[in-house]
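K.L.:
Per the numbering used here: the sequence shown = residues 429 to 687.
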Amino acid sequence: MSQIHPTAIISDRAIIDDTAVIGPYCIIGEDVSIGAHSVLHRHVVVTKNTRIGAHNQIYQFASIGEDCQDLKYNGEPTWLEIGDHNTIREACSFHRGTAQDKSLTKIGSHNLFMVNTHIAHDCVIGDHNIFANNVGVAGHVGIGSHVIIGGNSGIHQFCRIDDYSLVGGASLILKDVAAFTMVSGNPASAHGLNLEGMRRKGWSKQTINLLRQAYKIVYRSGLTTKQAISELEDKLLPQEPMIALLIHSLKQSKRGVVR
429 MSQIHPTAII SDRAIIDDTA VIGPYCIIGE DVSIGAHSVL HRHVVVTKNT RIGAHNQIYQ
489 FASIGEDCQD LKYNGEPTWL EIGDHNTIRE ACSFHRGTAQ DKSLTKIGSH NLFMVNTHIA
549 HDCVIGDHNI FANNVGVAGH VGIGSHVIIG GNSGIHQFCR IDDYSLVGGA SLILKDVAAF
609 TMVSGNPASA HGLNLEGMRR KGWSKQTINL LRQAYKIVYR SGLTTKQAIS ELEDKLLPQE
669 PMIALLIHSL KQSKRGVVR
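1. Please classify M626: does DSSP put it in a helix, a strand, or coil?
2. With a floor of 4 residues, list each alpha helix (DSSP H) that falls wholly inside the region 615–667, ordered by position along the chain.
3. Could you tell me the distance, in whole angstroms, from the CA atom of R640 to the CA atom of T435?
4. Along the chain, where does the beta strand (DSSP E) containing K534 start, and where does it finish?
5. With distances taken from CA atoms, which of R648, T533 and F489 is nearest I547?
6. Out of curiosity, what's the CA-to-CA distance linking I456 and E509?
7. Which residues does DSSP pair with L602 in a beta bridge?
8. Where does L499 sit, in a helix, a strand or coil, going by DSSP?
9. Between I443 and the rest of its own chain, which residues show a CB-CB distance below 6 Å, the 5 nearest in sequence each way excluded?
10. State yes or no: is the C-beta of V575 within less than 9 Å of the C-beta of N557?
11. Can you name, in chain order, every residue of its own chain whose Cβ lies under 6 Å from the Cβ of N484, other than the five neighbours on each side?
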């Protein structure tokens, strides 16, 4: 049987797994499901229409699945989905989606959201990401996997931050961040590759060196984006499949990439 503290207030329409733990003074609204071994430590509010997976840890004063702050939102039924093995620290706020998009905010698995992270409506976030304290992510933002975002950074709406990139602390992101790229500043600019992240993951010297060549082609050669993509596809992609992630970033960008 699930461990539910007697001070918790839980809707009759919520579904709590038998192995979940619901701590003191938590409030869980209607159409909320909480998966196996997830823990809401204390004073957590899960408003409604939220699906939380397994093995998540959610700390005090987190606000999960609340109505979004988009002025176009008019009470339509929208959802928040959270995967597995996420850690959501104190005072984080995750909002549901809007009918103007796909009515869904979606969080992957194995993410760390440090204190006071805000994830706005309609964001789609991948896996194995780290959001440091006070990161603000605006609506309709896409974030890939294995991304690190430094504390007090702000992400403009509709931006895309791709896999294995790193955003330095107190940065303002107004354009898309390409895969593997390290950016920082207000507004942010590119400062090379996320080399330390690659080394920590045990990537080979050959892979890292080829990614360095790719970075120079995109950011230092003076080529147009179309010309740079052609160079990457012809010269480097046959040698290193990871180059495909960088090419995808460039092709899919709608706002232009941070340079």
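Backbone N, C-alpha and C define an ideal beta-carbon position, used for all residues, glycine too. Since we're looking at a predicted model, the values are computed, not measured.
P.N.:
Let's see:
1. Helix, per DSSP.
2. For the region 615–667, whole alpha helix (DSSP H) runs of length 4 or above, ordered along the chain, are 623–628, 633–647 and 653–659.
3. Cα-Cα distance, rounded: 55 Å.
4. Run containing K534: L532 to I535, per the beta strand (DSSP E) assignment.
5. Closest by C-alpha distance to I547, out of R648, T533 and F489, is T533.
6. Between I456 and E509, the C-alpha separation is close to 15 Å.
7. Beta-bridge partners assigned by DSSP to L602: none are found.
8. L499 falls in the coil class under three-state DSSP.
9. Cβ neighbours of I443 beyond the five flanking positions: S461.
10. Result yes, Cβ atoms of V575 and N557 sit closer than 9 Å.
11. Closer than 6 Å at the Cβ level, and outside the excluded window around N484, lie S466 and N514.
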